[in-house]
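Everything in the sequence shown is counted per my numbering, starting at 2 for the first residue and increasing by one.
We treat Cβ as the ideally placed atom computed from N, Cα and C, and that holds for glycine.
Values in this document were obtained by computation on a predicted structure and should not be read as measured data.
In what follows, a structure is listed as structure tokens, so that the remarks can point back to it.
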Amino acid sequence: MREIEAAVVRGPEEHAVESVTLDDPEPGEVLVDVRATGVCHTDYHAYTSEDIDVPVVLGHEGAGVVESVGDGVSNVEPGDHVVLWVLPSCGDCEYCRSGRPYLCQARRETRGQMMDGTHRLSQNGEPINHFYAQSSFASMAVVPERQVVPVADDVPFEIGALLGCGVTTGLGAVSNITDVDGGETVAVFGCGGVGAGAVLAANAVSAGTIVAVDLDADTLDTMAEIGATHPVNAGEEDPVERIEELTGGVDYAFECIGAPQTVQQAIASLKPGGTAAITGTSNTPPAEIDLGRFTKGISVVGNIVGFTQPRVDIPRYVRMYQNGDLDLDAILTRRYELEELDEAFAALDAGEVIRSVVQFEKGA
């Protein structure tokens, strides 16, 4: 075991960087020297929630270097550079065996714990809860092997961190959940990390028209830089009407917020036979849907982490980044130190960033 620095949350919007004890990895686990961690809305929602079990160390989009491995680990070895994937999975259930680890139900049993129901984090002998079996708002983390994806040593840690959850959810919405082809029309509602990923992926496959819908002018400028052909400010014009004017209805709409209004708008923006991919969020009010639209043969599909198979898709996205097909650098808006986590959350909540990361001083 070792002492590490971690951002320990002890109540809603209450945290401090503290020294905590991190145990050695158990069989099937990996100890990672964390170099960068993405700041995601999922972390912020947990940080402000009354429902999360505290004390807890958040962070679920880590990247770093393997320090050591537990017995039976064969996917990585010490010294490997890795991306830490958000979702734990068991590897044995019907979903994992069929190549759908994103649907694994075993992770729901891990609330605050590792996959074996125990803790690796503690302070003065008292357990500290985990977050998605990762807890990477810390200088080091113990993570199940199935969440650890090796990448090339020349991939910047901050770029690796972007691929741990949100951006990959958007990339996969385009490349896994739907099948956008060159020349087809696309609308993206909400251009944070998930939406930016969708715009990047649509541009990479040469979609003909890419409409980016958001409320922030600076964000829309960035979307234009990474491939959006028509930025639309939903605070200034009706996005559905504008999309109708531009395209007559899109082939694919990607709702990347999980809010009732944008769900309705995404579905309303489709052409006959179009498909809407909806990013789900918990604790969101129900959305009313005009069932008459289904007489036009539209489809609606849920998006959970872009249907990502991490060991297949993350290396693919890394190659696209290295080849210049995914401009991930353009969407990395700010960098913070661990002691600035409150500031990072505030900027995220205010819509001032597309993506940001916490960096550690070890050469991240």
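Asked                                                                                                                                                                                      : Found
Using three-state DSSP, classify A365 as helix, strand or coil.                                                                                                                            : Annotation note: pLDDT 43 at A365 (below 50); position unreliable, no value reported.
Which value, in whole angstroms, describes the spacing of the CA atoms of E185 and E246?                                                                                                   : 16 Å
Taking Cβ to Cβ, would you say I227 is nearer than 8 Å to I315?                                                                                                                            : no
Using CA atoms only, rank isn't needed, just tell me which of Q265, N284 and V313 is closest to L292.                                                                                      : Q265
T334 by DSSP, collapsed to three states: which one?                                                                                                                                        : strand
Starting from the C-beta of E4, find all residues in its chain whose C-beta is less than 8 Å away, skip the five residues before and the five after it, and write them out in chain order. : S20, V21, T22 and L23
Assign G167 to buried or exposed, taking buried as 16 or more other Cβ atoms, counted over all protein chains shown, within 10 Å of its Cβ.                                                : buried
I'd like to confirm the pairing. Which residues does DSSP put opposite Q360 in its beta bridges?                                                                                           : A37
Between which residues of its own chain and V84 is the CB-CB distance below 7 Å, once the five residues before and five after are set aside?                                               : A64, V150, V152, G161, L164, G165 and I315
How is the alpha helix (DSSP H) around Y46 delimited, first residue to last?                                                                                                               : Correcting the residue identity first, residue 46 is His in this sequence and not Tyr. Unbroken alpha helix (DSSP H) run through H46: H42 to Y48.
Could you check the C-alpha separation between I355 and E51 for me, to the nearest Å?                                                                                                      : 26 Å
Buried or exposed: L329, going by 16 or more other Cβ atoms within 10 Å of its Cβ?                                                                                                         : buried
Tell me whether N177 sits in a helix, a strand or coil according to DSSP, three-state version.                                                                                             : helix
Name the residue from V302, R336, D350 and E362 whose alpha carbon lies nearest to the alpha carbon of G173.                                                                               : V302
Mapping DSSP to helix, strand and coil, what is A205?                                                                                                                                      : helix
Determine the contact status of T210 and V187, defining contact as a CB-CB distance below 8 Å.                                                                                             : yes
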